[in-house]
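In the numbering used here, the protein residues as written are 13 to 169. For each residue, glycine too, the CB sits at the ideal point set by N, CA and C.
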């Protein structure tokens with residue numbers, strides 16, 4: 013993985029490419045950066061499965077997904093079997109990716125990893141069809157990201 017995702021604000025996005033990744037989803041299938049090319053996507057880092065704020069955020073995105081019309085990848089440092097169990101309990105219409113080993117490697121490459129907690133921070137990236145990161149938002153621990161950010165960037169991408 014490369015260190016292409018520098019911290020930015022939604023008002024001043026950089027155009028760095030999303031780093032390469034190859035992560036397992038909740039079904040044990042490999043998802044790669046190359047799978048995203050050709051269509052825009054949101055990469056949504058979240059700290060942990062089975063937690064109230066993360067579940068609420070992802071449920072809100074699941075409800076909005078058809079209207080957004082953009083692929084969503086939700087990424088945590090949880091192991092794949094945990095994400096599989098969470099998906100059985102609460103299915104969502106997008107990939108839940110396990111950034112488990114090397115632990116948080118993709119989140120680290122995107123400056124979305126908390127070294128103190130060992131989990132992903134609440135960072136979302138808007139990625140265009142060429143794989144360029146067009147926008148980034150981060151909220152404090154325990155604070156959900158606003159759905160309006162996704163709606164705005166869905167229109168722009």
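- Boundaries around residue 109 are those of the beta strand (DSSP E), 107 to 110, since no alpha helix (DSSP H) includes it.
- Boundaries of the beta strand (DSSP E) around residue 151: 145 to 151.
- Contact holds between the stretch 53 to 67 and the stretch 86 to 106, because three or more Cβ pairs, one in each stretch, are under 8 Å apart.
- When beta bridges are read from the DSSP output, residue 136 appears opposite 56, 149.
- For residue 48, there is no enclosing alpha helix (DSSP H), as DSSP marks it with neither H nor E.
- In the three-state scheme derived from DSSP, where H, G and I count as helix and E and B as strand, residue 30 is classed as coil.
- Excluding sequence positions up to five before and after residue 33, its CB lies within less than 7 Å of the CB of 13, 44, 45, 118, all in the same chain and listed in chain order.
- For residue 125, the secondary structure class from DSSP, reduced to helix, strand or coil, is strand.
- Contact between residue 65 and residue 156 is confirmed by a C-beta separation of about 6 Å, below the 8 Å threshold.
- Per DSSP, reduced to three states, the secondary structure at residue 44 is strand.
- Judged by DSSP in its simplified three-state form, residue 141 adopts coil rather than helix or strand.
- In terms of Cβ geometry, residue 139 and residue 30 form a close pair [threshold 9 Å].
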